[in-house]
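Report on the structure given below.
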Amino acid sequence: MRNKQVQVVIVGIGGYGATHVKEMLHDIREQDAVLAGVVDVKPELSRFYGELAAAGIPMYDSLESFYANRPGGADLVVISTPIQYHCPQTCLALQHGSHVLVEKPVSATVQEARRMMEAEREAAGPFVAVGYNWSFSSQIQQLKRDIQSGLFGRPQRLRTLVLWRRTQDYFQKGWKGRVKSPQGDWILDSVAHNATSHYLHNMFYLLGDDTEASALPFRVQAELYRANPIENFDTCAVRAEVEGGVELLFLASHAVTGVEGPDFTFEFERAVISYAFGQDNEEIKAVFQDGTEKRYPKAGGAYFLGTGEQHSAVEESPKEQSKLLTCIQAVRTGSAGILCGLKAAYPQVLCMNGMLESSAVADFPESLIRWAEPERVVWVEGLKEALRQCYEQGRLPSELGKDWAVPGRWVELATYDSFEGGCLQP
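For the sequence shown, the numbering used here begins at 12 and goes up steadily by one.
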């Protein structure tokens, strides 16, 4: 039935899940959707616990318990749990006929992502959306349409830099920086497979040949480093190649002070597209060879700037809405257009698994590791500058002769179908 009131259950109400809880309680119209329940092993730790209890929202300790106690189930299951639960919880929801919005990354391994795709096919109706924020924005959607149309010519090289400090409090959470769970399930949490995965995914997504597709990496070479006392890497320098030999360079670190990025520079035949967080009103800017610019504001509505001219040819943009509301509207209307599904999210997982096949995690020299108070941040002397240099020159640290750099090998991904541990130490 179209335009139905959507029954929503949120799985995981701490961390990012609290954003979805807040939106359901305060922003979503009741005629559009209602919160049928929440699932969390410790719901009392949520800052919305009192409000949920006062509203009489049922609380469950597992998704299995929710379905067992609510015969009608839910129309939409929102999964905001640690990475190792994404695959089993998504598959369970699909088995019960529920649509799914699962937070990024889609899964720890390619085999789990493929299992989720198979479960979606078998469910024959419900969709799975993956919560990469930029993919749901009108800003990125407008840019993607222009890339698909050939406005900028063929892609040549894409580069992205993200330098985001993380405190010790961040890494002390149970699964952050972990390779496996106590039960032996892959987590593979890292700088590239959690906080900054949005921006690795974004390069693949923008080069996809349709709205809900991303370009696949054919091969990858990675340098992986660690300063924090964690199992996986907190710093990476990655080169991937997609169809046509287009190079993607991704540089990211949590072992820095302050916050810089995301910044990106995307080179095409006829234009260079750039973005720098916190600058130019966070507009994405395309500069053509004749000096003409096309800009994509954060709120949508692209426009051209001729050489020395003011705004012209303003393109209207649909009103910005959250990924949760996008999914709710898709359920209500029966629309299949969810912008970022499993197919679109898969290349990021494939690339990340390949990275762990390319290189073991190398520890930064103790002589370079610093400690910042009161922020409680571990950082590496000169790392921020080194990665910025890599970004500007399109090189990896080993190619610039950094003393601490350890080159990785090229890994072919065309037939890659299972992650079994790669170069991770047993």
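Note that the Cβ used here is the ideal one computed from N, Cα and C, for glycine as well.
Cβ neighbours of Phe-288 within its own chain (closer than 7 Å, five residues either side excluded): Gly-272, Pro-273 and Asp-274. Here Thr-101 carries a helix assignment [DSSP, helix/strand/coil]. Taking all protein chains in view, the Cβ of Glu-133 is surrounded by fewer than 16 other Cβ atoms within 10 Å, so the residue is classified as exposed.
Out of Glu-396, Lys-33, Val-17 and Leu-105, the CA that lies nearest to the CA of Gly-23 is found in Lys-33. Assignment of beta-bridge partners to Arg-230 by DSSP yields Glu-252 and Glu-423. Under the DSSP definition of a beta bridge, Thr-178 partners with Val-388. As computed with DSSP, Ser-264 is found in a beta bridge with Leu-174 and Thr-246. The beta carbon of Thr-246 sits closer than 6 Å to those of Tyr-236, Ser-264 and Ala-266, all from its chain and outside the five residues before and after it, given in chain order. Excluding sequence positions up to five before and after Trp-186, its CB lies within less than 8 Å of the CB of Pro-93, Ile-94, Gln-95, Ser-192, Ile-198 and Asp-200, all in the same chain and listed in chain order.
The distance from the Cβ of Glu-258 to that of Ser-409 is about 16 Å, inconsistent with a contact at the 8 Å cut-off. For Val-111, the enclosing beta strand (DSSP E) stretches over residues 110 to 113. Beta-bridge analysis with DSSP links Trp-382 to Val-389. Contact check for Trp-145 and Asn-213: beta-carbon distance about 5 Å, within the 8 Å limit, so the pair qualifies. Distance from the CA of Val-202 to the CA of Ser-346, rounded to the nearest whole angstrom, comes to 34 Å.
Sequence-distant partners of Lys-155 (beyond 5 residues in either direction) whose C-beta falls short of 8 Å from its own C-beta, in its chain, are Tyr-216, Leu-217, Gly-219 and Thr-222. When rounded, the separation of the alpha-carbon atoms in Lys-184 and Ala-282 is 43 Å. Counting every other CB atom within 10 Å of its CB across the protein chains shown gives Pro-228 a total of 16 or more, marking it as buried. Nearest to Ser-109 by alpha-carbon distance, out of Thr-101, Pro-116 and Lys-115, is Thr-101. If you ignore the 5 residues before and after Phe-299, its C-beta comes within less than 7 Å of the C-beta of Arg-281 and Ala-282, all in its own chain and listed in chain order. Contact annotation, Arg-230 with Val-422: C-beta distance approximately 6 Å; criterion of less than 8 Å satisfied. Around the beta carbon of Asp-51, 16 or more other beta carbons lie within 10 angstroms, which makes this residue buried.
Just measuring C-alpha positions, the residue of Gln-400, Leu-350 and Ile-68 sitting nearest Ser-148 is Leu-350. Gln-16 sits in coil when the DSSP states are folded into three classes, being neither helix nor strand. With contacts defined as CB atoms closer than 8 Å, Arg-343 and Lys-15 qualify as a contacting pair. The beta carbon of Leu-424 lies closer than 7 Å to those of Pro-228, Phe-229, Arg-230, Val-231, Leu-361 and Gly-365 in the same chain, with the five residues before and after it left out. Shortest Cα-Cα distance from Glu-392 to any of Arg-399, Ile-380 and Glu-384 involves Ile-380.
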